[in-house]
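First comes the structure, then the notes that go with it.
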Amino acid sequence: MSDNHNTEKISDMKLNKKKKFLLLAILAIMIITLIMILCYYRPKPSPPVEVWFEENFEQGLGDWEYLDAKWIDDQGVFDNTSVRVGRNVYLAPYLSYKLNPPIYRDQIVVEFYTKIEDITGAATTLASLDFPTGEITVVVNRDRYLGLAFGLFEPARYSTQRLAPGEWTKIQIYVDTSEGKVSLYHNDLEILVTQWSGTQPLMKIWLGSVWIYGAENYESTIGSYYDAIRVGNPGLLASQTLLDRIKVTIPGLWRKPATSSGILHSKEEYNEPESLKVNQPANMED
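Numbering (full-length UniProt numbering), first residue to last: 1 to 286.
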């Protein structure tokens, strides 16, 4: 009887040791994994800031081409000056600047501040960058989710971040042609990364309604403000921490990113107004 009791006691001790060993092993794995994650998402040092183009609209619209754009001298991000783009006469109000010379860089950051009044249609464009192989366009849908699109008739790719009407928002587009990717930033937070196989250089910057209808049923902006535009190197970007990644990841766990509305308008459905056929943009070079 005593021998059986001792045998059971020894077996229990061995089982407890195995449980303790297993728990310690799991704990060690969790600690190592956490350390690896923290190291991977540790903020990387930013290079010194380089700015190759800058516009604050302090003296008006300057050399910018535009339709239905107005200089504003009583509100802005830094100096109470900005530009408002909104449909008045033309179907596609915009503001554009041709870079001369074009910018040849493997890594380019385009930064601007914007404030929208409201979104009435299915989607609208905020800004677009012209490259030899096509455009990179920042879009926002009726639910105010920000995204990227690479063609009028291609579905946009949306983030889980919303744009708040009536508030100045910092938007950055990071184009890395060497890695073949584009990143979208909202108030210094990286919210979307996608592949892109375009090539240099950056030739032109567009702000406002650059597309109408198409895959997302884009409509004109009824009022968008722009200010503090810069083009430079990745030194303009804020380093991303683990907390930043969590801020972006958690909303996506319960929200499926928006997809294309699937509404297309043929040429027969859309009759171009006569004013669009005969009028030319202001400041347009011959």
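Positions of the beta carbon are idealized from the N, C-alpha and C atoms, including for glycine.
CB-CB length for residue i against residue j, believed under 8 angstroms
| i | j | result |
| --- | --- | --- |
| residue 72 | residue 224 | Actually they do not touch by this definition, with Cβ atoms about 12 angstroms apart. |
| residue 120 | residue 128 | At roughly 20 angstroms, the Cβ-Cβ gap does not stay under 8 angstroms, so residue 120 and residue 128 are not in contact. |
| residue 58 | residue 79 | 6 angstroms |
| residue 218 | residue 69 | Their Cβ separation, rounded to whole angstroms, is 18 angstroms, which puts residue 218 and residue 69 out of contact at 8 angstroms. |
| residue 161 | residue 148 | Rounded, the Cβ-Cβ distance is 12 angstroms, inconsistent with contact. |
| residue 185 | residue 83 | No, residue 185 and residue 83 are not in contact; Cβ-Cβ is about 21 angstroms, not under 8 angstroms. |
| residue 222 | residue 143 | With a Cβ gap of about 17 angstroms, residue 222 and residue 143 do not count as contacting. |
Other residues of its chain near residue i: CB distance less than 8 angstroms, five sequence neighbours each side excluded
| i | result |
| --- | --- |
| residue 50 | 232, 233 and 235 |
| residue 18 | none |
| residue 74 | 80 |
| residue 88 | 68 |
| residue 167 | 115 |
| residue 16 | none |
As assigned by DSSP and simplified to three states, the class of residue i
| i | result |
| --- | --- |
| residue 100 | strand |
| residue 57 | coil |
| residue 80 | coil |
| residue 217 | coil |
| residue 184 | strand |
| residue 151 | coil |
| residue 141 | strand |
| residue 25 | helix |
| residue 91 | coil |
| residue 20 | helix |
| residue 269 | Because residue 269 carries a pLDDT of 35, less than 50, the predicted location of this residue cannot be relied on, and no value is offered for it. |
| residue 235 | helix |
| residue 33 | helix |
| residue 163 | coil |
Contacts around residue i, its chain only, beta-carbon distance under 6 angstroms, and the 5 residues preceding and following it disregarded
| i | result |
| --- | --- |
| residue 175 | 108 and 182 |
| residue 63 | none |
| residue 211 | 125, 152 and 218 |
| residue 165 | 116 and 118 |
| residue 170 | 113 and 187 |
| residue 191 | 159, 161, 184 and 248 |
Other residues of its chain near residue i: CB distance less than 7 angstroms, five sequence neighbours each side excluded
| i | result |
| --- | --- |
| residue 133 | 198 and 199 |
| residue 228 | 56, 77, 78, 112 and 113 |
| residue 180 | 195, 196 and 197 |
| residue 52 | 103, 231 and 232 |
Residue j beta carbon less than 8 angstroms from that of residue i
| i | j | result |
| --- | --- | --- |
| residue 215 | residue 152 | yes |
| residue 102 | residue 201 | yes |
| residue 33 | residue 106 | no |
| residue 163 | residue 193 | no |
| residue 46 | residue 237 | yes |
Say whether the stretch 141-159 touches the stretch 94-112, bearing in mind that this needs 3 or more beta-carbon pairs closer than 8 angstroms, one atom from each stretch.
Result no; under three Cβ-Cβ pairs closer than 8 angstroms.
Three CB pairs or more closer than 8 angstroms across the stretch 94-102 and the stretch 203-216
Yes: at least three Cβ pairs fall under 8 angstroms.
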